[in-house]
Amino acid sequence: MPAQPRSLADALRTFTDEQLQHLLDARQDLLAPLPQGIGPLAARAASAPSTQRALLRLDRPALQVVEALAVLPEPVRPEDLAPAVGADPQDLAPVLERLRGLALVWGTEQLRLVRALREGLRHPAGLAPALEGDPSDQEAAELVERARRRGPEIAAALEALAWGPARLEAGQSPLAAVLAEARVAVPGTGDVLRIPRSVHRVLREGRVHRRLAAEPPRLEAVEVRERFAGSRTAQAVDAAFEALRIAGTIGRWDAEGPGVLTRGGLPQRELRRLAEEADAPLSDYVTVLQSCWTAGLVGHDGLTWQPTRDWDLFLERSAEQRWAELVLGWCRSEDLPSLVGTSDAQGPVRPALSAVTRRPGCRARRRSLLDLHARLRQDRPDAAAEEGSLVEALAWHHPLVPRPVLEQEVTAFRQEAAALGLVLAGVLSELGAALAEVEGLPEAEADARLVEALARHAPAPVDEVLLDADLTAVIPGRPSPRLAVLEQWTEPVSRGGGLTLRFTPQSVRRALDAGADPDALQEMLAEASRTPVPQALEVLLRDERRRHGRVAVIPAVTAVSAEAEVLSIVVSHPEAASLDLHRIAPTLAVTMSGPAAVMRAIERTGLSGVAVGRDGTVSAPERIHRLPGAHREDTTDIGPELPLDPAEAVLRIRAADAGETAVPVADRLLDAIARSAELRIGIVDGRGGIAVRQVLPLALDGGRLRARDAADGEEFTVLVHRVTLG
34 MPAQPRSLAD ALRTFTDEQL QHLLDARQDL LAPLPQGIGP LAARAASAPS TQRALLRLDR
94 PALQVVEALA VLPEPVRPED LAPAVGADPQ DLAPVLERLR GLALVWGTEQ LRLVRALREG
154 LRHPAGLAPA LEGDPSDQEA AELVERARRR GPEIAAALEA LAWGPARLEA GQSPLAAVLA
214 EARVAVPGTG DVLRIPRSVH RVLREGRVHR RLAAEPPRLE AVEVRERFAG SRTAQAVDAA
274 FEALRIAGTI GRWDAEGPGV LTRGGLPQRE LRRLAEEADA PLSDYVTVLQ SCWTAGLVGH
334 DGLTWQPTRD WDLFLERSAE QRWAELVLGW CRSEDLPSLV GTSDAQGPVR PALSAVTRRP
394 GCRARRRSLL DLHARLRQDR PDAAAEEGSL VEALAWHHPL VPRPVLEQEV TAFRQEAAAL
454 GLVLAGVLSE LGAALAEVEG LPEAEADARL VEALARHAPA PVDEVLLDAD LTAVIPGRPS
514 PRLAVLEQWT EPVSRGGGLT LRFTPQSVRR ALDAGADPDA LQEMLAEASR TPVPQALEVL
574 LRDERRRHGR VAVIPAVTAV SAEAEVLSIV VSHPEAASLD LHRIAPTLAV TMSGPAAVMR
634 AIERTGLSGV AVGRDGTVSA PERIHRLPGA HREDTTDIGP ELPLDPAEAV LRIRAADAGE
694 TAVPVADRLL DAIARSAELR IGIVDGRGGI AVRQVLPLAL DGGRLRARDA ADGEEFTVLV
754 HRVTLG
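One point on numbering: in the numbering used here, the residue at position 691 of the sequence shown is 724, and numbering is uninterrupted.
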């Protein structure tokens, strides 16, 4: 028999690398900052904040065992624990193994709960706190026995109190006074009576829980038959492409982006207007919009919301890839789109695209709901679980979450999943089943399998169009990528199995504003249309083109002006390549890089530049700010270090425990500079958060790092003590 560990640290030292990786993956707050050895890891794993976070992730049987261990005197033998939770030893073993793996319980023959939970659980299993002056176990048994002899009415009341809460209202019934007189209940705060823990355990016949809820409750479901074979899959595919169509309307924000609230987010009035313009139900529009925000496709400059640089990359991907990105963004976020438009505790309406729609733990509960739907689908493919039954099952997986929250999230899950083609009438679709299979896989692999799932079930795209003299265009099916551009030039008339569109002066003008080419459109229509291009359409395109584009507006952050020969040197120089300068005149070029980055690049070419303000006077380059909304915002993690991969973290913890020293940050930066290698770094801000950036380190001098951002090519300098590396 292996020796009993004397502490949690001793127990963790017996863990294999795989067990430690599982622990760090399940409790990722233990990774930042990285513990310098097994001892510090054990200390952090046993701390109150970390154990409380771990407690919220336990399912009902694990929580029941934790509560029992908090009540029973330590150390607890497994044979004493089993009857305390009404369990068979074989049902208890996997639960204990899971709790040991989470470093909440240690020991085998003598079980111990980490102190923070033992002291922090004030009302385990509904029992009152153990207080000095409570009756002993023997006294409690005598008190209960005497009370039962007072008559059948008192005995029945004691039976009813056994599995209820320890708190009683003094004026609840005449029996309360009798119970108080019998010392079964004692005065608490105000008019409240309290059942002492020792007495309550006697009423429960020594048990802490009536029985161990080893299995989740069975889902109650109703059959939802398909109208014809494959109709549900067809509807799911339609919903997926409708979500992409809704997402595509964000491109219109270039012309007139919605405003930004002072406290952040999208005004509710603007949201309703955008949903109406997109011809989409508000709930579906919000789900798609929040998914785009989560994926980093929209941002703001403090005044208006607009597509980010990632939006352009998004549009270059196939329809299947775009859908996969939206779905994974929704599934793996802590945002609850259905909260948009509801009121928070302080009263104001929660706006879209704001932090107030984030709910900690929402992602884990969304995964649980997806898994519940997938398991039901395996047994009954056409069954839709009743919402009340789903709430009960979800409460088994997340017992500490209030029931109203679970009810809200069950409704939200079905509503949001329907907007993405994952659930239809409560039944998980083929696309939803594909998501359930890939959840938990690395993002690249999950993305590829979702792309394949949609491509497998989607009908072949149609590459022909019917044009009519009334300026309508009919696409009898899902448009091919070539015909998809027609939606940019038209207004929708009807959708369904096919797509009916109409060319209008406003829609043509909008397409021209977006830079669309009317010649390319006419050439494409001539090839794809079964009928000749109507003369009315040719006239409309010609007239709108003649009126359009008399004034050119070019987006730019910085303009560079010089004599033609000098500007040619700058534009062609390798040191200025990262600026992506666009020459719009012999003596003028523009770039999306900030003035400070442009000045440094010009200096590296061997030339000397001067910063000029908008009024033409010389100005310090730092005073000319670039538009932040034109770029994707940095990812910010709260914590003093950049989180590590669990496998790498285990290697470093083992090394620290063996007395090996970690490579200093400065040495790792110097190594990257020598190899001209990019690094993923974290920069600690003034609030203790981490701004994560992919950079190319250039120089390290005087405690300062000079680096170039890999995303936009801008150079920056930061103090080394503010830099953290994963």
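Note that beta-carbon positions come from the ideal geometry of N, C-alpha and C, so glycine has one too.
Whole-number beta carbon distance between residue j and residue i, since they are thought to touch under 8 Å
i, j, result
"Ala101", "His242", "7 Å"
"Gln323", "Thr375", "Not really, about 14 Å apart at Cβ, beyond 8 Å."
"Val471", "Arg482", "5 Å"
"Pro291", "Trp344", "So it is not a contact: roughly 15 Å between Cβ atoms."
"Leu771", "Ala75", "In the structure as shown, the chain begins at 34 and stops at 759. Residue 771 is therefore absent and cannot be evaluated."
"Gly531", "Val507", "6 Å"
"His581", "Arg542", "6 Å"
Buried or exposed (CB count within 10 angstroms, at least 16 for buried), residue i
i, result
"Glu289", "exposed"
"Phe536", "buried"
"Ala680", "exposed"
"Thr222", "exposed"
"Ala225", "At residue 225 the sequence reads Val, which differs from the Ala that was named. Classification for Val225: exposed."
"Gly529", "exposed"
"Arg327", "According to the sequence as given, residue 327 is Thr; it is not Arg. Its Cβ being crowded by 16 or more others within 10 Å, Thr327 is buried."
"Val319", "buried"
"Pro68", "buried"
"Ser264", "exposed"
"Ser431", "The sequence given here has His at residue 431, not Ser. The residue in question, His431, is buried, as its Cβ has 16 or more Cβ neighbours within 10 Å."
"Thr591", "buried"
"Ile587", "exposed"
"Leu164", "exposed"
"Ser83", "buried"
"Leu574", "buried"
"Asp704", "exposed"
"Glu748", "buried"
"Glu107", "exposed"
"Pro168", "buried"
"Pro340", "buried"
Cutoff 8 Å; reference residue i; Cβ partners in own chain excluding five residues on either side
i, result
"Asp810", "For the chain, the structure presents residues 34 to 759; residue 810 sits outside this window and is missing."
"Ala549", "Val518, Gln521, Trp522"
"Val443", "Leu402, Glu420, Leu423, Val424, Leu427"
"Arg151", "Leu102, Ala103, Glu107"
Residues near residue i by beta carbon distance below 7 Å, same chain, minus five either side
i, result
"Gly119", "Arg240, His242, Arg243, Arg244, Leu245"
"Arg131", "Ala95"
"Leu752", "Gly736, Arg737"
"Val631", "Thr591, Val593, Leu612, Thr624"
"Gln727", "Glu711, Arg713, Ala743, Ala744"
"Val109", "Leu102, Leu144"
Proximal residues to residue i (C-beta, below 6 Å), its chain only, five neighbours per side dropped
i, result
"Asp670", "Because Asp670 sits at a pLDDT of 40, beneath the cut-off of 50, its placement in the model cannot be relied upon, and the following sentence gives the value as read from the coordinates. Closer than 6 Å at Cβ, skipping near neighbours: Ile723."
"Thr750", "Arg737, Arg739"
"Pro673", "Only weak support is given to the placement of Pro673: the predicted model assigns it a pLDDT of 39, under 50, and the value that follows is read from those uncertain coordinates. Taken in chain order, the residues that qualify are Pro66."
"Arg216", "Leu176"
"Pro249", "Ala426, Trp429"
"Leu41", "Ala75, Ala79, Trp139"
Secondary structure of residue i, DSSP reduced to three states
i, result
"Glu748", "strand"
"Ala213", "helix"
"His615", "strand"
"Gly292", "strand"
"Asp377", "coil"
"Trp139", "strand"
"Gly332", "strand"
"Asp734", "strand"
"Gln69", "coil"
"Phe261", "coil"
"Ser605", "helix"
"Gly184", "coil"
"Gly525", "A small fix is needed here, since residue 525 is Pro in this sequence, not Gly. If DSSP states are grouped into helix, strand and coil, Pro525 belongs with the strands."
"Asp113", "helix"
"Ser594", "strand"
"Leu315", "helix"
"Glu238", "coil"
Checklist entry - Does the stretch 227-246 touch the stretch 174-194, meaning 3 or more C-beta pairs lie closer than 8 Å? => result yes
Checklist entry - If we count Cβ pairs, one from each stretch, closer than 8 Å, do we get three or more for the stretch 78-96 versus the stretch 132-141? => result yes
Checklist entry - Using 8 Å as the threshold, is the stretch 331-345 in touch with the stretch 358-367, meaning 3 or more CB pairs across them? => result no
Checklist entry - Is there contact here, the stretch 359-373 with the stretch 448-467, by at least three beta-carbon pairs under 8 Å? => result yes
Checklist entry - Given 8 Å as the limit, is there contact between the stretch 412-426 and the stretch 450-468, that is, 3 or more CB pairs closer than that? => result yes
Next on the checklist: Does the contact criterion of 3 or more C-beta pairs under 8 Å hold for the stretch 248-267 versus the stretch 297-317?
Outcome noted: no
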